[in-house]
Every structure is written in structure tokens, then in C-alpha cells.
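Heads up, the sequence shown is in our numbering, so the first residue is 200 and it goes up one at a time. Even for Gly, the Cβ is constructed at its ideal location relative to N, Cα and C. Bear in mind that the values here come from a model prediction, so they are computed numbers and not experimental data. To start, the structure under review is shown below, and the notes come after it.
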Amino acid sequence: VTGQAFVGTTKDSGKVVRGSSIQSTPPPLLRGQFLHLVFLATAITLLLVLSNPGPAYWQGIPVSVWFWSALSIPILHQVYVLLCWRLELRSQSVTSRWGLKRGFRIYTIGFFVLFSSRFLSLLLLAVADQASLPMSMGLRWALATPIFLVAGYAMFSVKHYFGFQRAAGIDHFDLAYRTKPMVRDGMFRWTKNAMYTFAIQATWLFGILAASRLAMIVACFQSVYVWVHYFG
200 VTGQAFVGTT
210 KDSGKVVRGS
220 SIQSTPPPLL
230 RGQFLHLVFL
240 ATAITLLLVL
250 SNPGPAYWQG
260 IPVSVWFWSA
270 LSIPILHQVY
280 VLLCWRLELR
290 SQSVTSRWGL
300 KRGFRIYTIG
310 FFVLFSSRFL
320 SLLLLAVADQ
330 ASLPMSMGLR
340 WALATPIFLV
350 AGYAMFSVKH
360 YFGFQRAAGI
370 DHFDLAYRTK
380 PMVRDGMFRW
390 TKNAMYTFAI
400 QATWLFGILA
410 ASRLAMIVAC
420 FQSVYVWVHY
430 FG
């Protein structure tokens with residue numbers, strides 16, 4: 200669970216101490232994943248029926264390929280995080296092989312490559328499917344500006360007050376991080392989980408500014424799917 204969920208009560212914790220996430224019993228590898236599977240089966244079925252990317256091409260590649268690529272990357276990202284965290288909590292699979300510093304660096308390379316790819320794939324999809332919705336530029340900017348300000352401040356708060364290491368889940372690898380106090384500055388003043396609540400909404404910007412129906416569908420999927428990761 201990213202965000203600030205690990206500072207307090209976390210879904211990946213066994214015994215929880217107030218103000219921290221000290222755990223005594225690591226969670227089973229697939230605990231809570233029934234919700235994950237049900238959500239994906241339902242969402243993908245609905246998207247197969249409703250998305251209708253059409254026969255259009257961009258850069259010689261069907262728009263449908265851009266769409267399903269943008270949809271699959273968040274799934275790969277969250278499954279990658281789930282497996283790395285659970286395996287590390289249960290058997291120190293990463294740190295026992297490479298050590299804490301190197302092991303966490305290897306994990307974060309995969310984490311941030313996939314995280315960045317969520318946005319890059321959305322950008323490419325938005326360009327491939329641009330102007331598929333009848334939206335004036337005035338409406339686009341009216342919708343995008345508040346999202347940009349809120350999501351941008353949330354991302355600033357993550358970087359400035361929270362730190363990217365904690366955002367990537369270093370507490371699952373380094374015991375010292377499990378007793379750190381909750382962050383109450385910046386956007387975290389209003390919610391302990393600013394990343395899931397506000398920062399993820401930045402994914403909507405691509406679809407709105409490009410007036411792309413498919414990019415907005417993927418943004419909606421990402422905004423909901425990240426909470427499946429939290430509650431699972």
C-alpha cells in the first residue's frame with residue numbers, strides 16, 4: 200500500500216502499533232486478492248464492451264493497441280509492487296539476495312519505470328485519440344486547471360514532505376521506516392493518503408486537454424484501480 204497507509208494501519212501489516220506499522224505476522228502472498236481479481240475481471244469485461252476504440256491508426260499502430268497498452272501498464276505496476284512487497288515481508292526475497300541498499304535500488308528502478316510508464320502511455324493514447332470528444336479549449340482548460348493545481352500540490356507534498364523512498368514503500372524493506380511519524384504537512388494536512396486521493400488525478404489531464412475519450416476512460420480506471428491495491 201503506497202501513500203501514507205503504512206504509517207498507521209496498513210493492509211499489509213499484522214500486529215499494528217499506534218502511530219507505526221510494526222508487524223509481527225507477514226500477510227499471505229495472495230491475501231485480499233480476490234477483490235483484485237473480481238475488479239479486473241469486471242472492469243476488463245466492461246471495457247471490452249464499452250470502450251470501442253474503433254479502426255483508427257496512429258503512427259501505424261491501431262488506436263486499440265495504444266488503449267490496451269495504457270490500460271495494462273497500471274496493472275503490471277500494481278502487481279509488481281504487490282509481489283515485491285509481499286515477498287520481501289514474508290522472506291526478505293530482495294534484501295537477502297542483494298542487501299538493503301542495492302536491493303531497494305533495484306526494486307525502485309522497476310517501480311519508477313512502471314510508474315512513469317503509466318503517464319507516458321496515457322500521453323501517447325491521448326495524442327492517438329485526440330479530439331474524439333466535442334470539447335472546446337475553454338472547457339478543457341476550465342476542467343484541467345483545478346486538477347493540475349490540486350494534483351501538482353499533492354505531488355510537491357510527496358516530494359518535499361514525504362519523500363519518494365517512502366512513496367515507493369521502503370518501509371516494507373527497512374524496519375527503521377516503520378516507526379517514523381505520520382506526515383502532517385502540505386496536502387497530507389487534509390488526508391493521510393494524498394497520493395491516492397489527489398496526486399493520481401493528474402492522469403485525467405491528458406484526456407481532458409486532448410479531448411480524448413479513451414484517455415479519460417483509462418484515467419478513470421487508474422483512479423479507481425489504485426484503491427483496489429490499497430484495500431487488497
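- Query: Per DSSP, what kind of secondary structure is Pro261 in: helix, strand or coil?
  - Reply: Numbered from 1 along the sequence shown, position 62 holds the residue referred to as residue 261. DSSP places Pro261 in strand when its eight states are reduced to three.
- Which residues does DSSP pair with Tyr256 in a beta bridge? Position 57 of the sequence shown holds residue 256. DSSP lists Pro261 as partners of Tyr256.
- Query: Three-state secondary structure (DSSP) at Gln277?
  - Reply: Residue numbering aside, residue 277 sits at position 78 when the sequence shown is read from its first letter. If DSSP states are grouped into helix, strand and coil, Gln277 belongs with the helices.
- Message: As a quick exercise: from Val326, Phe420, Val349, pick the residue whose alpha carbon is nearest that of Leu246.
- Response: Mapped onto the sequence shown, residue 246 falls at position 47. Closest by alpha carbon: Phe420.
- So, using beta-carbon positions, are Phe405 and Phe266 closer together than 9 Å? For the purposes of this step, residue 405 is taken as the residue at position 206 of the sequence shown. For the purposes of this step, residue 266 is taken as the residue at position 67 of the sequence shown. Against a cut-off of 9 Å, the Cβ pair of Phe266 and Phe405 comes out as no contact.
- Item | Environment of Phe372 [buried if 16+ CB atoms lie within 10 Å] | Here residue 372 refers to the residue found at position 173 when the sequence shown is read from its first residue. Under this definition Phe372 is a buried residue.
- Query: Is it buried or exposed for Gly368, if we count other Cβ within 10 angstroms and need 16 for buried?
  - Reply: On the sequence shown, position 169 is the one that residue 368 refers to. It is buried - the Cβ of Gly368 has at least 16 other Cβ atoms within 10 Å.
- Message: For Thr344, count the other beta carbons within 10 Å of its own beta carbon; 16 or more makes it buried, fewer makes it exposed. Which is it?
- Response: The residue you call residue 344 lines up with position 145 of the sequence shown. Under this definition Thr344 is an exposed residue.
- Do you know whose CA, among Gly231, Ser290, Gln277, lies nearest Val312's CA? Stepping through the sequence shown from its first residue, residue 312 is reached at position 113. Taking only the C-alpha atoms, the option nearest Val312 is Gln277.
- Task: Take the Cβ of Tyr424 as the centre, count every other Cβ of all protein chains shown within 10 Å, and call the residue buried at 16 or more, exposed below.
- Result: As a working note, residue 424 is residue 225 in the sequence shown. Burial call: buried.
- Query: According to the neighbour-count rule (16 or more other Cβ atoms, all chains shown, within 10 Å of its Cβ), is Pro225 buried or exposed?
  - Reply: Counting from one through the sequence shown, the residue named residue 225 turns up at place 26. When all chains shown are included, Pro225 counts as buried.
- Same chain, Cβ closer than 6 Å to Ala330, neighbours up to 5 away in sequence not counted: In the sequence shown, the residue the question calls residue 330 occupies position 131. Ala410, listed in sequence order.
- Query: Applying the criterion that 16 or more other CB atoms from any shown protein chain within 10 Å of the CB defines a buried residue, is Tyr395 buried or exposed?
  - Reply: Taking the sequence shown and counting its residues from 1, the one referred to as residue 395 is at position 196. Buried, by the Cβ-count rule.
- If Arg285 sits next to Leu228, beta carbons under 8 Å apart, how far is it from one beta carbon to the other, in whole angstroms? In the sequence shown, residue 285 corresponds to position 86, counting from 1. In the sequence shown, residue 228 corresponds to position 29, counting from 1. The Cβ separation is near 5 Å, so the contact holds.
- Message: Could you compute how far the alpha carbon of Cys283 sits from the alpha carbon of Gly351?
- Response: As a working note, residue 283 is residue 84 in the sequence shown. As a working note, residue 351 is residue 152 in the sequence shown. Between Cys283 and Gly351, the C-alpha separation is close to 28 Å.
- Query: With a CB to CB cut of under 7 Å and the five nearest residues on each side skipped, what residues in its chain are close to Ala414?
  - Reply: Counting from one through the sequence shown, the residue named residue 414 turns up at place 215. Result list for Ala414: Leu321, Leu324, Ala325, Asp328, Phe405, Gly406, in chain order.
- Item | Coil, strand or helix - Arg365 by DSSP | Position 166 of the sequence shown, counted from the first residue, corresponds to residue 365. Arg365 falls in the helix class under three-state DSSP.
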